[in-house]
Amino acid sequence: MEVDYDLAQDSQDVDYDEVRDGVAEDYSPVDYESDDAAVYQPPTTVRRYPHSLRVIYEPTITIYLGQEIQEIPQSRFLQHVREDGLDSNCHECGHGFSPDDDPMESMIRTITFEKSENSQPSGSDITQTSLTFQNDHLPGEDIVHDFEVARAVYQTPLRTLQAVTMKFGPVEIWHDYLSVPQWRPQFQRQLLLAIPDIYSFPERTVMHLDDVSAKALIHVQKNPDYGLFLDGLSEVTRSRWFERMWVTLEYMKSNEVCILTQDWEVFGLNASLILNRIDVAISKYIKQKGDATFHDQANEKGCKYETKVCWTDMETWKTRTERHRTLGFAIYILGQKKCRDMKDYHYALAGMIGFMVLKWRDPNDDSRRFWLLVKATLRQGDYTPLLFTPIQGEQPYDEVSWLHGHSRMTEKVWDLGACHQKAARAKIWQDGHVSPELEEVGVIESWKRIDVDGDPKVLFRAIVRWVLDIGPTSARAFCSAVDRGFTDFESKALYAGWSSSEISEQGWNSPRYDIESIETILKSLKRVLRNSAGLWVEEVEDKEDEVDTLIQDLIDVMNLESRGKNSADSRLNKTFSEIEWYRKQYGSTVDGVAQYRKELA
12 MEVDYDLAQD
22 SQDVDYDEVR
32 DGVAEDYSPV
42 DYESDDAAVY
52 QPPTTVRRYP
62 HSLRVIYEPT
72 ITIYLGQEIQ
82 EIPQSRFLQH
92 VREDGLDSNC
102 HECGHGFSPD
112 DDPMESMIRT
122 ITFEKSENSQ
132 PSGSDITQTS
142 LTFQNDHLPG
152 EDIVHDFEVA
162 RAVYQTPLRT
172 LQAVTMKFGP
182 VEIWHDYLSV
192 PQWRPQFQRQ
202 LLLAIPDIYS
212 FPERTVMHLD
222 DVSAKALIHV
232 QKNPDYGLFL
242 DGLSEVTRSR
252 WFERMWVTLE
262 YMKSNEVCIL
272 TQDWEVFGLN
282 ASLILNRIDV
292 AISKYIKQKG
302 DATFHDQANE
312 KGCKYETKVC
322 WTDMETWKTR
332 TERHRTLGFA
342 IYILGQKKCR
352 DMKDYHYALA
362 GMIGFMVLKW
372 RDPNDDSRRF
382 WLLVKATLRQ
392 GDYTPLLFTP
402 IQGEQPYDEV
412 SWLHGHSRMT
422 EKVWDLGACH
432 QKAARAKIWQ
442 DGHVSPELEE
452 VGVIESWKRI
462 DVDGDPKVLF
472 RAIVRWVLDI
482 GPTSARAFCS
492 AVDRGFTDFE
502 SKALYAGWSS
512 SEISEQGWNS
522 PRYDIESIET
532 ILKSLKRVLR
542 NSAGLWVEEV
552 EDKEDEVDTL
562 IQDLIDVMNL
572 ESRGKNSADS
582 RLNKTFSEIE
592 WYRKQYGSTV
602 DGVAQYRKEL
612 A
């Protein structure tokens, strides 16, 4: 059989459907002088060119949609799935879907291998090239025909399905590349409201670390030596997966989480166990080397330790159901992630804390939408919105001047961590406005900012001077003030298992001190720091050595430089490093130390 062409005619495509009747079905590419070819090839698209003939063979993708079989040419696949090619009625009830449906009844699209065909994972036609891409959202329509995009949209869900099927047997998967109609805004927004329920439904969720090798996970799991552990931790914490917002919500709403590596292998241990192995190893090395040394060496290896901390926070939120889940802690976790749409961010926050107060028809005013979310949390007894940190450059919200974080997605709104205990009084929102029932502990009379550089001992000396400057201070009251500034690790739940910290009825147990020795040192300090008239002096140049000795005596008797039970760090160094961290994080000093007067009945 010959394929004719016209030398005078410009290059043009032969319609795909016209070729199916066999015009070019049995031929391989031939030169214009060739008569025929004997090699069989599948149905093709033929293009005519001057002086030569090229027969281009285009693969097709077979999709089983209910009882319908779709044969989609590769070049049309992306357009097919981005438009309405995968639409159908519900396979269970037979009814259609509408953008006006209740989110809980919205479309759930899953993917599996067709069992009636010879298409089990071992027989799948999958290009073996490993791809790297950002997949927060599918790209816009201007590159709808881009080959690499089409290959990623098809290949990633298929290879994920292949890996999971080989690990667990025949399964159905929900994959955002094909299951979320991101090209159709009405359906997409409706589906976003149901995302938390979708994430929490399956028995397992796959955490696809497409830039992390199985070797790195083995290093953090087995911890063969310090160097290899840091190498593995560095690779894991640099993964792009941890930058994405929706997968973060997926992790916290899911049941068991499995890890899929860049090698398309489901790792043997689930994510929770891997994180536990990481925490155990880090605790061991901090105990051996100290907090500062460990973090310096981890940074040298390229480790993003804040990513590991956020992963721990995600696991805490996911598994510690008895803890109070607050909007502040949710913002701290999600605010570190990437999301191009504030509306999506607010939907994710609402889904995370379980308040279905937002609907996709809510106003496009970001500040107004955020305020609706804050009001819902206040009604539930959540005080964290009243403690949000001001954001540099954010303009006040006209309706609620004290509200912070309404215009930006950032974790800097909250830095107080998880809430370990619910408030004793849960009534915050009353009669349409904020009216909490608070306990008055005293009246703030003065405030001193902490702006000390260079040496933790200089910081402690300044704190001692401020405390003594207030007035008559007993040794016991002095110790209580120092404990609030230089808190012990157990009180902060640092370097300790979640269940190992104990709270007494009076609060965190303070370390035991030698009160008599501290009283003696304080009397000596007061003598040195006062003049003959009993007034405090600013400069004691002739007695600096004596003051330094007394300050060191206080540090020693209060064990402020002693290493912690589970850390080589001391309370003195840890507090100083936290102040330095705050300075770098926010560009300002820590607020400071307050002097308050307690009102007695």
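For the sequence shown, the numbering used here puts the final residue at 612, and the numbers step up evenly by one.
Glycine included, C-beta positions come from ideal geometry on N, C-alpha and C.
- By the criterion of at least three beta-carbon pairs nearer than 8 angstroms, the segment 209 to 225 is in contact with the segment 269 to 283.
- By DSSP's assignment, Met325 forms no beta bridge with any residue.
- Counting the other CB atoms within 10 Å of its CB gives Gly339 a total of 16 or more, which places it among the buried residues.
- In the DSSP assignment, Ser528 falls within the unbroken alpha helix (DSSP H) covering Ile526 to Leu540.
- Bounds of any alpha helix (DSSP H) do not take in Cys314, whose DSSP letter is neither H nor E.
- Listed in chain order, the alpha helix (DSSP H) runs fully inside the segment 202 to 234 are 225 to 233, counting runs of at least 4 residues.
- Secondary structure at Arg255: strand, using DSSP grouped into helix, strand and coil.
- Shown here, Arg249 sits in coil according to DSSP, grouped into three states, outside any helix or strand.
- The three-state secondary structure of His335, taken from DSSP, is strand.
- Closest option to Leu414, judged by alpha-carbon separation, among Val445, Tyr356, Thr484 and Asp426: Val445.
- Secondary structure of Arg379 (DSSP, three-state): helix.
- C-alpha of Val452 to C-alpha of Thr304: approximately 40 angstroms in a straight line.
- The C-beta of Gln299 has fewer than 16 other C-beta atoms within 10 Å across all chains shown, which makes the residue exposed.
- Secondary structure note for Leu76: its beta strand (DSSP E) is the uninterrupted segment Thr71 to Leu76.
- DSSP places Cys490 within a helical segment (H, G or I) once states are collapsed to three.
- Contact between the segment 432 to 446 and the segment 459 to 471 is absent: fewer than 3 CB-CB pairs across the two stretches fall below 8 angstroms.
- Using a 10 angstroms sphere on the CB of Phe158, the tally of other CB atoms stays under 16, which defines it as exposed.
- DSSP lists no bridge partner for Lys348.
- CA-to-CA, the gap between Ile293 and Arg594 works out to about 25 angstroms.
- Boundaries of the alpha helix (DSSP H) around Leu89: Phe88 to Arg93.
- Comparing C-alpha distances from Thr123 to each of Met177, Gln85 and Phe88 shows the shortest one belongs to Met177.
- Between Phe497 and Thr560, the C-beta spacing is not below 7 angstroms.
- Assigned with DSSP and collapsed to three states, Trp185 falls in coil, not helix or strand.
- By the criterion of a C-beta distance shorter than 6 angstroms, Gly107 is surrounded in its chain by Asn100, once the five residues flanking it on both sides are discounted.
- In this structure the segment 348 to 359 does not touch the segment 311 to 319; the number of beta carbon pairs closer than 8 angstroms is below three.
- In this structure Asn584 is buried. Its beta-carbon is surrounded by 16 or more other beta-carbon atoms within 10 angstroms.
- Distance from the CA of Leu286 to the CA of Glu246, rounded to the nearest whole angstrom, comes to 14 angstroms.
- In the structure shown, Pro396 falls within a helical segment according to DSSP collapsed to helix, strand and coil.
- Contact between Ile342 and Cys321 is ruled out by a C-beta separation of about 12 angstroms, above the 8 angstroms threshold.
- Within the same chain, Arg472 come within 6 angstroms of Ile562 by CB-CB distance, once the 5 residues on both sides are set aside.
- Residue pairing by DSSP places Cys430 opposite His335 in a beta bridge.
- Residue ranges of uninterrupted beta strand (DSSP E) with 3 or more members, entirely inside the segment 262 to 305 and ordered along the chain, are 267 to 271.
- For His357, the three-state secondary structure derived from DSSP is helix.
- The segment 219 to 229 makes contact with the segment 250 to 267, as at least three CB pairs between them are under 8 angstroms.
- Cβ neighbours of Lys315 within its own chain (closer than 7 angstroms, five residues either side excluded): Thr248 and Arg249.
- Straight across, the Cα-Cα distance linking His230 with Gly428 is about 29 angstroms.
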